[in-house]
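Participant:
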Ligand SMILES: CC(C)(COP(=O)(O)OP(=O)(O)OC[C@H]1O[C@@H](n2cnc3c(N)ncnc32)[C@H](O)[C@@H]1OP(=O)(O)O)[C@@H](O)C(=O)NCCC(=O)NCCS
């Protein structure tokens with residue numbers, strides 16, 4: 001039985017990934033002393049072979065992408081969570097960009113903010129901004145940037161999942177088979193996305209939300225913290241589903257929805 005999870009890597013790195021997979025198959029599955037305390041603690045709570053394989057794979061990938069440079073666009077609260085993933089994955093933070101003049105020349109993670117986001121023209125970047133429209137605008141403006149896709153090592157992701165560039169998947173998220181996730185989405189801490197959901201570009205799925213199978217979330221929509229959505233619901237684009245909603249009906253575009261059962265309370269222009 002093969003229990004190794006396949007991680008998302010950019011297409012140009014696929015040869016290296018195949019090499020890593022071959023190495024894992026040839027090597028014994030455990031070298032705990034190389035993993036550090038974090039891996040050991042995790043293992044104590046998850047004594048299954050696929051978790052062991054995941055940790056092992058992750059530590060190898062960390063070695064593989066060591067010193068890979070990346071720039072951070074936006075240095076608000078959300079960026080702290082992004083930096084956590086960058087550190088765990090062995091990326092090297094190379095530059096900071098932010099549009100807030102107050103932050104210019106300020107230090108964050110040992111670096112000074114170089115300038116506004118538009119002044120970052122090319123290289124590898126991550127947009128560390130929670131606002132869905134702002135992420136879309138930045139992606140449309142900075143066409144030469146190579147956007148990194150980040151996955152926290154504790155996320156559990158089926159191998160039958162598509163994930164677009166620039167998307168970030170936070171700690172403890174669970175994503176089941178047949179799910180398609182677009183570009184520059186945020187799948188936040190502990191979110192559960194069940195089989196065959198379609199998450200379109202620039203969507204933010206907030207922490208501790210649960211999407212049952214076959215849910216479709218339109219471009220740019222926010223699913224608020226702690227919401228639940230029953231199977232096969234279609235949610236329009238650029239809408240906001242309020243915190244704690246229980247969504248049992250399809251929802252339109254460009255609206256704010258609250259409550260249980262969730263209903264629109266206002267509509268806005270895109
Ligand atoms: C739904 C939401 C977007 C509305 O924000 P808003 O447009 O500023 O709306 P308001 O705060 O003016 O609230 C409008 C009305 O809806 C009610 N309301 C707002 N959010 C609600 C919620 N989650 N559940 C139930 N009622 C809610 C308000 O009490 C208010 O009612 P009133 O008119 O009777 O006084 C916001 O409250 C929310 O829930 N955001 C989720 C944020 C989130 O999860 N972010 C992820 C961070 S990682």
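Residue numbers (my numbering): 1 to 270. Just so you know, even glycine gets a beta-carbon here, dropped at the ideal spot from N, CA and C. Everything numeric in this text was worked out from a predicted model, so none of it was measured.
Do you know how far the Cα of residue 102 is from the Cα of residue 110?
Facilitator: So the two alpha carbons sit approximately 17 Å from each other.
Participant: At 3 residues or longer, what runs of the beta strand (DSSP E) sit wholly inside the region 66-91?
Facilitator: Those beta strand (DSSP E) runs which fall completely within the region 66-91 and span 3+ residues are 68-73.
Participant: Would you mind listing the beta strand (DSSP E) stretches within the region 105-159 that are 3+ residues and don't spill past its ends, in chain order?
Facilitator: DSSP runs (the beta strand (DSSP E)) wholly in the region 105-159: 111-115, 123-127 and 145-147.
Participant: The beta strand (DSSP E) with residue 264 in it runs from where to where?
Facilitator: That run of the beta strand (DSSP E) goes 263-267.
Participant: Would you tell me roughly how many angstroms separate the C-alpha atoms of residue 262 and residue 77, rounded to the nearest one?
Facilitator: Near 28 Å, if we compare the C-alpha coordinates of residue 77 and residue 262.
Participant: Strictly by DSSP, which residues pair up with residue 203?
Facilitator: Bridge partners of residue 203: none, in fact.
Participant: Going straight from the alpha carbon of residue 27 to that of residue 68, what length do you get?
Facilitator: Since pLDDT at residue 27 reaches only 40, below the 50 mark, its modelled position is unreliable, and the value read off the structure follows with that caveat. Answer to the nearest angstrom: the Cα atoms are 25 Å apart.
Participant: Rounding to the nearest angstrom, what Cα-Cα distance links residue 161 and residue 199 in this structure?
Facilitator: Straight-line Cα distance between these residues: approximately 11 Å.
Participant: When DSSP labels each residue in this structure, what does residue 256 get in the three-state scheme?
Facilitator: Note: residue 256 maps to strand in three-state DSSP.
Participant: Assuming residue 236 and residue 132 are in contact, meaning their beta carbons sit under 8 Å apart, how far apart are those beta carbons, in whole angstroms?
Facilitator: The Cβ separation is near 13 Å, so there is no contact.
Participant: Rounded to whole angstroms, what's the CA-CA distance from residue 80 to residue 163? Just pull it up for me.
Facilitator: Cα to Cα, residue 80 sits roughly 22 Å from residue 163.
Participant: If distances are taken between C-alpha atoms only, which option among 100, 201, 170 and 106 comes closest to residue 135?
Facilitator: When only C-alpha atoms are compared, the closest one is 201.
Participant: With respect to 6 Å, is the separation between the Cβ of residue 189 and the closest non-hydrogen atom of ligand 1 below this value?
Facilitator: No, Cβ of residue 189 sits at least 6 Å from all heavy atoms of ligand 1.
Participant: Report the rounded CA-to-CA distance for residue 177 versus residue 88, giving the unit in angstroms.
Facilitator: Going from the Cα of residue 177 to the Cα of residue 88 covers about 25 Å.
Participant: Does the count of Cβ pairs from the region 152-161 and the region 90-101 closer than 8 Å reach three?
Facilitator: With the cut-off at 8 Å, the region 152-161 and the region 90-101 do not touch.
Participant: Give the DSSP-derived three-state secondary structure of residue 186 in the structure shown.
Facilitator: Reduced to three states, the DSSP call for residue 186 is strand.
Participant: So, helix, strand or coil for residue 223, using DSSP?
Facilitator: In this structure, residue 223 counts as strand in the three-state DSSP scheme.
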